[in-house]
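Take a look at the structure set out below.
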Amino acid sequence: GDSVTQMEGPVTLSEEAFLTINCTYTATGYPSLFWYVQYPGEGLQLLLKATKADDKGSNKGFEATYRKETTSFHLEKGSVQVSDSAVYFCALTHQGGKLIFGQGTELSVKP
Amino acid sequence: DAGVIQSPRHEVTEMGQEVTLRCKPISGHNSLFWYRQTMMRGLELLIYFNNNVPIDDSGMPEDRFSAKMPNASFSTLKIQPSEPRDSAVYFCASSPRGQGYTEAFFGQGTRLTVV
């Protein structure tokens, strides 16, 4: 079945460092891909999305490109801030409407 | 819009008791999802509804769990009897489309502790 695999955390970075969180997926056809963010004590919020191959989703300085050839959707940010500390989830949706999540990657940004 | 509203935010109950979690989706959304989040298992989809009809309940762990959606603005997740291993954060989410939706909006979650 469909699945999402993320790099394991926690990831600890200094402020203004470059961030990459890897995400790969397994799915037949052409799923839509998402990154969600969860701040402590809160629900998940959509960060960005891409619905077809080569699309780039972007929001709040974060970017991810839908790579069909490598079945990947890696999250990047050029300069992280302390306020970016959170758990990040990669997800996909496919036929039938189920939203399937990766295991989440905790990011901690130190001043 | 107030977003997806879940109640209660926190619930502490004794093993064997019945627990009911409630969810009000965003008005106009016709898909609703129940997720469970634990450290060990991450985020698991328990069940989802389209237009108030359960579409996939394969994630419901066992018969102790049941979910209903009597109308478009309300859903419940019930655990009877509850067990300590049910302790988790339960999220409800809704989406504006049925098949092939593009994103889901999550509530704040209900933190359940079964002692």
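So the protein lines, in turn, are chains X and E. Under the working numbering, the first residue of the first sequence carries the number 249, and numbering increases by one thereafter. Under the working numbering, the first residue of the second sequence carries the number -5, and numbering increases by one thereafter. Built from N, CA and C at the ideal position, the CB exists for glycine as well.
For a cutoff of 9 angstroms on Cβ pairs, would you count residue i as touching chain X?
| i | result |
| --- | --- |
| residue 15 of chain E | no |
| residue 103 of chain E | yes |
| residue 85 of chain E | yes |
| residue 6 of chain E | no |
| residue 108 of chain E | no |
| residue 9 of chain E | no |
Between the Cα of residue i and those of the options, spot the shortest distance and give me the residue it belongs to.
| i | options | result |
| --- | --- | --- |
| residue 326 of chain X | X:256, X:266, X:252 | X:266 |
| residue 298 of chain X | X:355, X:263, X:257, X:323 | X:323 |
| residue 313 of chain X | X:289, X:353, X:256, X:280 | X:280 |
| residue 30 of chain E | X:358, X:351, X:357, X:356 | X:351 |
| residue 349 of chain X | X:356, X:317, X:340, X:255 | X:340 |
| residue 46 of chain E | E:36, E:64, E:57 | E:64 |
| residue 27 of chain E | E:78, E:105, E:70, E:109 | E:70 |
| residue 282 of chain X | X:249, X:320, X:276 | X:320 |
| residue 52 of chain E | E:11, E:67, E:39 | E:39 |
| residue 56 of chain E | E:2, E:104, E:76, E:5 | E:76 |
| residue 301 of chain X | X:293, X:307, X:315 | X:315 |
| residue 332 of chain X | X:347, X:311, X:355, X:342 | X:355 |
| residue 253 of chain X | X:286, X:358, X:295, X:275 | X:275 |
| residue 335 of chain X | X:287, X:303, X:293, X:347 | X:287 |
| residue 84 of chain E | E:24, E:68, E:14 | E:14 |
Quick one: grab the DSSP three-state call for residue i.
| i | result |
| --- | --- |
| residue 6 of chain E | strand |
| residue 47 of chain E | strand |
| residue 64 of chain E | strand |
| residue 79 of chain E | helix |
| residue -1 of chain E | strand |
| residue 330 of chain X | helix |
| residue 280 of chain X | strand |
| residue 52 of chain E | coil |
| residue 21 of chain E | coil |
| residue 319 of chain X | coil |
| residue 307 of chain X | strand |
| residue 38 of chain E | strand |
Starting from residue i, find everything on chain E with Cβ-Cβ shorter than 8 angstroms and list it in chain order.
| i | result |
| --- | --- |
| residue 355 of chain X | Ordered by position in chain E, no residue passes the 8 angstroms Cβ test against residue 355 of chain X, which lies about 16 angstroms from the chain. |
| residue 352 of chain X | 36, 37 |
Check whether the Cβ of residue i lies closer than 9 angstroms to any Cβ atom in chain E.
| i | result |
| --- | --- |
| residue 311 of chain X | no |
| residue 256 of chain X | no |
| residue 282 of chain X | yes |
| residue 277 of chain X | no |
| residue 324 of chain X | no |
| residue 253 of chain X | no |
| residue 331 of chain X | no |
In chain X, which residues lie with their C-beta within 8 angstroms of the C-beta of residue i?
| i | result |
| --- | --- |
| residue 27 of chain E | 347 |
Residues of chain E with CB under 7 angstroms from residue i, in chain order?
| i | result |
| --- | --- |
| residue 294 of chain X | 97 |
| residue 291 of chain X | 85, 100, 101, 102, 103 |
Under 9 angstroms Cβ-Cβ, which residues of chain E neighbour residue i?
| i | result |
| --- | --- |
| residue 337 of chain X | 36, 37 |
For the segment 30 to 47 of chain E, list every residue whose C-beta sits within 8 angstroms of some C-beta in chain X, in sequence order.
Answer in chain order: 36, 37, 39, 42, 44.
Of all the residues that make up the segment 58 to 80 of chain E, which are near chain X by a beta-carbon distance shorter than 9 angstroms?
So the list is empty, because no residue satisfies the distance condition.
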